[in-house]
Amino acid sequence: MSSTNTDVREEGTFRFPELATYVTIKLDPVKSVEVLEDVETTASAHHAVRKVYVGYIARREGLKRFQYGDWEDDEDQEHTNYLVHLLRSGLPKSSSEEFIEKDMCTPVFPNTDHPSREPIIPSSPFPAGWTHCYHGSFETVTLRVSRKYAKNTRRIKLPLMTRAKHIAAIYEDKARRAELMQVRQGVSLAPLANVQGRAASPASSDAQKSVTTSIQSVSSQGSTNRAASLNEDDASRPVPPPIASLSYDLTSVSTLADPQDLLAEIKFIERDARARAAPRKARAKEEMARAIEEAKKLDDATFSHSFKRNPISPTHDNVPCQAEPNAVPQNVPSSTNSPNRVSIAFSDND
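Each residue of the sequence shown is one higher than the one before, starting from 21 at the first, in my numbering.
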């Protein structure tokens, strides 16, 4: 598959990757953490283990819909964010902590092994070495992908109705997962249904809010990276989605890698970046304090030097003007015009 990163679109090429197409995935840990501008984090990313994974492009994500928090990078004009449903070989592992059961997945033809679901059928068969293929309902990841165009040759897609079938299965599993969480919390939907439309007591209101929050939490995590636990602190510094290289050439992958390994790679990058965030912030704070102190010293020295060279002179407003020796104040009457002085002169002549 030939592709170009330039803004000029070559004839016969289309936006890459196309929605609903299967692609190979390989993380680029170094480029993923470049935006953090941290030398230690970048050096650590060089040691990350990288495998090749497979999944299909579910949708194009907006700049403000990141699974890692409210991360925004309006200056990144080179990448687009995509939600990817990962492909696995064999049933996913169950997890009581994550409220996930083995059958929360969808088989992919020619695999038909599932207790209740028919397989989804791609536009073309997968490579011969791929056996017992499934899409785990909660094995999804958001990736940053270079913006480019490519020829749509040798690509395998999910037809529109097949995609709708898969999405419906995912929503079924989300509902089951929410029920499992409610059972764990000792809360039943039946009492909540009975109090709907009536004035609820503070206790029942709090319980309803708790269940609603739990359901919303589970639903939102269906399109997020499951590498972190459900109780992960969302208040920590957000990390951007990882950058990955994609390709339509599925024949380059002989066997499917476990999607959990990809989630572990992402978790490694995220955890390392978060671990270094606090020391990096502390160092930046110390450097800022030193810079402020140096600037203050410089200002004090400059002001003191200027004061010694240019002592403050009396101003016109603060010191009254001295009258000229021969000047006569306008408000003082002269001796020739004063009636009192004339009267005194006549009295002396008598």
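We treat Cβ as the ideally placed atom computed from N, Cα and C, and that holds for glycine.
Per-residue burial, residue i [other beta carbons within 10 Å of its own, 16 or more giving buried]
i      : result
Ala195 : exposed
Asp269 : exposed
Thr232 : Low confidence applies here, because Thr232 scores a pLDDT of 43, under 50, leaving its location unreliable; read the following figure in that light. So Thr232 ends up on the exposed side.
Tyr76  : buried
Pro371 : Summary: the structure shown does not reach residue 371, with the chain confined to residues 21 through 370, and so no result is reported for it.
Asp320 : exposed
Arg197 : buried
Ile190 : buried
Phe34  : exposed
Ala255 : Caution applies to Ala255, whose pLDDT of 40 falls short of 50 and renders its modelled position unreliable; the value that the coordinates give is listed next. Exposed, by the Cβ-count rule.
Same chain only: Cβ atoms within 6 Å of residue i, ignoring 5 sequence neighbours per side
i      : result
Phe129 : Pro139 and Ile141
Gly149 : Ser274 and Thr275
His152 : Ser109, Gly110 and Asn131
Asp123 : Pro135
Ala311 : none
Within 8 Å, strictly: CB atoms of residue i and residue j
i      : j      : result
Lys108 : Pro279 : The sequence shown places Arg at residue 108, rather than the Lys named in the question. Against a cut-off of 8 Å, the Cβ pair of Pro279 and Arg108 comes out as a contact.
Asn131 : Pro261 : no
Gln267 : Thr44  : Looking at the sequence provided, one finds Ser at residue 267 rather than Gln. Cβ atoms of Ser267 and Thr44: closer than 8 Å.
Tyr42  : Leu282 : no
Ile263 : Ser52  : yes
Thr162 : Leu103 : yes
Leu47  : Phe119 : no
Arg164 : His99  : yes
Glu374 : Arg70  : Coverage of the chain is limited to positions 21 through 370, which leaves residue 374 absent and any answer about it impossible.
Thr134 : Pro127 : Looking at the sequence shown, residue 134 is not Thr but His. The answer is yes: Cβ separation under 8 Å.
Cutoff 7 Å; reference residue i; Cβ partners in own chain excluding five residues on either side
i      : result
Cys125 : Leu111, Pro112, Tyr154, His155, Gly156 and Ser157
Ala40  : Tyr76, Ile77, Lys177, Leu178 and Arg183
Phe36  : Ser23, Lys168, Tyr169 and Ala170
Glu81  : Asn101, Tyr102, Leu103 and Thr162
Lys185 : Ile140
Ser265 : Lys46 and Asp48
Asp193 : Met124 and Ser157
Cβ neighbours of residue i in the same chain (closer than 8 Å, five flanking residues each side left out)
i      : result
Ser143 : Ile176, Lys177, Leu178 and Pro179
Glu38  : Ile77, Asn172, Arg175 and Lys177
Phe323 : none
Glu159 : His105, Leu106, Arg108, Pro112, Arg246, Pro279, Gln280 and Leu283
Pro147 : Leu270, Thr271, Val273 and Ser274
Glu314 : none
Gly32  : Lys171
Arg79  : Leu39, Tyr102 and Leu103
- [ ] Inspect the CB distances between the stretch 166-173 and the stretch 199-208 and report whether three or more fall short of 8 Å.
- [x] no
Open item on the list: So within the stretch 135-199, which uninterrupted beta strand (DSSP E) runs reach at least 3 residues, ignoring any that extend past its ends?
Closed with: 153-156, 160-166 and 168-170
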